[in-house]
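Accompanying notes for the structure given below.
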Amino acid sequence: MLFSAVIVTEFVCCAARLAWMADENAAGARMVAMDVLQIVQSCEPPLERDSLSRAHWLLVFGERAFAEKATVFEKTARSLLVQNSTASAFSVRNGLPHALMSGRGVDGQGHQGQFLAYLSLCGAELAEPVVLGGDIFTLDGVLRDLMLETAVDGDLSWALIAFSRYLSGTERWVNKFDERVDLDILLRRHSSKDLEPYCRGHHHFMAFSCVASRADWAERPLHRESLQRIKKQLNERVTLLEKQLLKSDPTEDVINDMTLRTVPTEGRVVYEFGHALEWLSLHLSREDARSEWVLRLVSRLCEAVKTEVADLHALKRDRSETVTWRWGNLGHASAGLGRWLRKSDVKP
Ligand SMILES: [Zn+2]
Numbered sequence: 006m007l008f009s010a011v012i013v014t015e016f017v018c019c020a021a022r023l024a025w026m027a028d029e030n031a032a033g034a035r036m037v038a039m040d041v042l043q044i045v046q047s048c049e050p051p052l053e054r055d056s057l058s059r060a061h062w063l064l065v066f067g068e069r070a071f072a073e074k075a076t077v078f079e080k081t082a083r084s085l086l087v088q089n090s091t092a093s094a095f096s097v098r099n100g101l102p103h104a105l106m107s108g109r110g111v112d113g114q115g116h117q118g119q120f121l122a123y124l125s126l127c128g129a130e131l132a133e134p135v136v137l138g139g140d141i142f143t144l145d146g147v148l149r150d151l152m153l154e155t156a157v158d159g160d161l162s163w164a165l166i167a168f169s170r171y172l173s174g175t176e177r178w179v180n181k182f183d184e185r186v187d188l189d190i191l192l193r194r195h196s197s198k199d200l201e202p203y204c205r206g207h208h209h210f211m212a213f214s215c216v217a218s219r220a221d222w223a224e225r226p227l228h229r230e231s232l233q234r235i236k237k238q239l240n241e242r243v244t245l246l247e248k249q250l251l252k253s254d255p256t257e258d259v260i261n262d263m264t265l266r267t268v269p270t271e272g273r274v275v276y277e278f279g280h281a282l283e284w285l286s287l288h289l290s291r292e293d294a295r296s297e298w299v300l301r302l303v304s305r306l307c308e309a310v311k312t313e314v315a316d317l318h319a320l321k322r323d324r325s326e327t328v329t330w331r332w333g334n335l336g337h338a339s340a341g342l343g344r345w346l347r348k349s350d351v352k353p
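Add 5 to a position in the sequence shown, counting from 1, and you land on the number used in this note's numbering.
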């Protein structure tokens with residue numbers, strides 16, 4: 006009896022010690038992440054670069070960009086919405102009162118929904134007024150344009166991120182290709198197609214995470230089957246990442262993937278881990294966000310972000326496409342770190 010009492014006491018102490026160590030590890034990773042995020046947020050926003058870099062820069066301030074970083078946000082968001090940048094396919098409005106009509110087949114980067122997706126991730130409100138040439142309009146108009154532009158067989162990653170924030174889920178409409186569209190059709194399509202290749206499918210998973218976070222959509226019988234499929238695919242990808250990150254060299258498998266051959270070597274860790282953390286932090290539970298494999302990902306990402314900031318500062322005058330991409334990756338990495346900090350906090 007005494008013997009078993011000793012074993013039980015030992016076991017309880019050991020479990021308590023492990024839990025304490027896990028808390029210490031998470032607290033340490035959070036401190037580092039806070040410092041790194043502050044370093045990025047104190048960088049000069051790349052306003053002089055193209056609209057793709059500016060759109061990504063909004064992500065640096067994450068979900069609270071609208072409320073807490075009004076000056077940076079105003080400058081960046083307004084410049085996207087108002088400036089006439091005809092040389093770029095990425096302008097939301099291209100200097101016109103309506104969103105740029107890009108048509109079927111424009112997917113991936115430069116998709117007409119990309120900027121609205123980023124604005125939605127930064128907490129932008131639909132009723133936010135934007136002044137253009139004396140006219141006042143709102144993001145509501147950009148959303149309506151996106152609904153018209155959304156082709157059922159196109160890449161739905163960007164549109165679903167924006168729709169998950171702005172639509173109730175019961176809307177039905179006819180797009181400009183004369184297709185009948187509703188959330189049921191879009192979720193069925195997105196959940197049963199092959200992974201979109203852009204940014205190695207991370208934006209496809211971001212759309213999954215945003216959609217899965219809508220508890221009210223999951224309750225609708227029409228959406229239930231698609232959402233089950235979406236959650237299954239999310240969980241499978243999480244299991245794979247967990248397995249890869251728990252190996253002795255966590256970057257080996259993830260970074261050396263064949264599909265990464267098209268990505269410039271510089272900044273690959275920021276690109277891959279930053280994009281992953283962005284959707285993982287939305288999808289994972291608070292407890293999972295503090296697990297060992299996620300802490301490894303965060304710690305490796307933080308080291309890489311610090312190096313990347315120093316590199317990009319040294320390359321300030323470099324106008325190459327590679328540098329533009331690297332600023333963009335930094336935006337996704339910061340959004341991921343910011344969201345992870347909120348998710349991994351012990352206070353809900
Ligand atoms: Zn990307």
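C-beta atoms are modelled at their ideal positions from N, C-alpha and C, and glycine is treated no differently.
Could you give the distance in angstroms between the alpha-carbon of residue i and the alpha-carbon of residue j?
i: A338; j: K236; result: 23 Å
i: H195; j: L124; result: 21 Å
i: S173; j: L191; result: 14 Å
i: R347; j: G67; result: 11 Å
i: R324; j: E224; result: 48 Å
i: D221; j: L161; result: 20 Å
i: G343; j: D350; result: 11 Å
i: D199; j: T327; result: 27 Å
i: W284; j: L250; result: 16 Å
i: Q43; j: G336; result: 13 Å
i: A212; j: R322; result: 34 Å
DSSP state of residue i, grouped into three classes?
i: T270; result: coil
i: D145; result: helix
i: V310; result: helix
i: R324; result: coil
i: R185; result: strand
i: V179; result: strand
i: A156; result: coil
Do residue j and residue i come within 7 Å of each other at the CB atom, strictly closer than that value?
i: R193; j: S231; result: yes
i: L131; j: D145; result: yes
i: H288; j: S214; result: yes
i: G272; j: G341; result: no
i: A38; j: R295; result: no
i: D187; j: R177; result: yes
i: V274; j: A315; result: no
i: L282; j: W345; result: yes
i: E247; j: W298; result: yes
i: E58; j: T329; result: The sequence given here places Ser at residue 58; Glu does not occur at that position. Cβ atoms of S58 and T329: closer than 7 Å.
i: W163; j: A122; result: yes
Relative to the alpha-carbon of residue i, which residue among the options has its alpha-carbon at the smallest distance?
i: E133; options: R331, G33 and Y171; result: Y171
i: D183; options: L57, D158, E313 and A164; result: D158
i: G128; options: L64, T76, E154 and T155; result: L64
i: T175; options: H228, L57, L246 and S197; result: H228
i: K181; options: W163, R205 and L153; result: L153
i: R185; options: T155, T270, H208 and R205; result: T155
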